[in-house]
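Shown next, in structure tokens, is the structure this report addresses.
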Amino acid sequence: IDKLSTGNASASVKPTTQKPAAATNTILVMDKKVNSTEKALVKSGVVYIPLRIVAEGLGYKANWSSATSTMTLTKQSNTMLVAAGKANATVNKKSVKLDGTPYLSGGKLYAPMSIVNKNFGYAVSYDNK
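Residue numbering for the sequence shown follows the working numbering, beginning at 1056 and increasing consecutively.
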């Protein structure tokens, strides 16, 4: 995940289901490695990322509601609500369809990596090697 993208904000992420070696499964946000315990996961051909750690790396404030299984991300005037088990998120009070359904794993909310590109405006890539 890197600098703000320009032009088309659609992600062209086409991962395979091959699981990368644990040592190479690293998430970089703005050229910085995030916590080594945080890993990208591939599920049904969609790359999922631990949303809190990535969003915070991009300067968003993340709040979790265990009552609704919803994470609220805010930065300046931008707000995004992402809920486990819901195929849509709310971005600045508008419903947007996600490329996959966010889910909980190990106490963390995982969301499709494309959410960062399509809704935060950052470039994303996934190296299956």
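Glycine is no exception: its CB is placed at the ideal position from the N, C-alpha and C atoms.
By how many angstroms is the C-alpha of residue j removed from the C-alpha of residue i?
| i | j | result |
| --- | --- | --- |
| Tyr1103 | Ala1166 | 5 Å |
| Asp1182 | Lys1094 | 13 Å |
| Gly1155 | Asn1147 | 20 Å |
| Val1101 | Glu1111 | 22 Å |
| Thr1134 | Thr1127 | 7 Å |
| Val1179 | Ala1122 | 31 Å |
| Thr1092 | Asn1172 | 23 Å |
| Ile1082 | Met1168 | 11 Å |
| Ala1066 | Ile1170 | Since pLDDT at Ala1066 reaches only 39, below the 50 mark, its modelled position is unreliable, and the value read off the structure follows with that caveat. Computed Cα separation, rounded: 9 Å. |
| Leu1164 | Pro1157 | 7 Å |
| Gly1162 | Asn1080 | 19 Å |
Tell me the DSSP secondary structure of residue i in three-state form.
| i | result |
| --- | --- |
| Lys1152 | strand |
| Leu1106 | helix |
| Ser1169 | helix |
| Asn1143 | strand |
| Ser1118 | First, the residue type needs correcting, since residue 1118 is Asn and not Ser in the sequence shown. Strand at Asn1118. |
| Asn1174 | helix |
Does the separation of the CB atoms of residue i and residue j fall below 8 Å?
| i | j | result |
| --- | --- | --- |
| Val1109 | Val1137 | no |
| Tyr1177 | Leu1113 | yes |
| Lys1152 | Ala1142 | yes |
| Ser1120 | Gly1140 | no |
Would residue i be called buried (16 or more neighbouring beta carbons within 10 Å of its own) or exposed?
| i | result |
| --- | --- |
| Lys1106 | Lys is not the amino acid found at residue 1106; the sequence shown has Leu there. Leu1106 should be labelled buried. |
| Ala1144 | buried |
| Asn1174 | buried |
If contacts are defined as beta-carbon pairs under 8 Å, then residue i and residue j qualify, I think. What distance do you get, rounded to the angstrom?
| i | j | result |
| --- | --- | --- |
| Lys1098 | Tyr1115 | At roughly 23 Å, the Cβ-Cβ gap does not stay under 8 Å, so Lys1098 and Tyr1115 are not in contact. |
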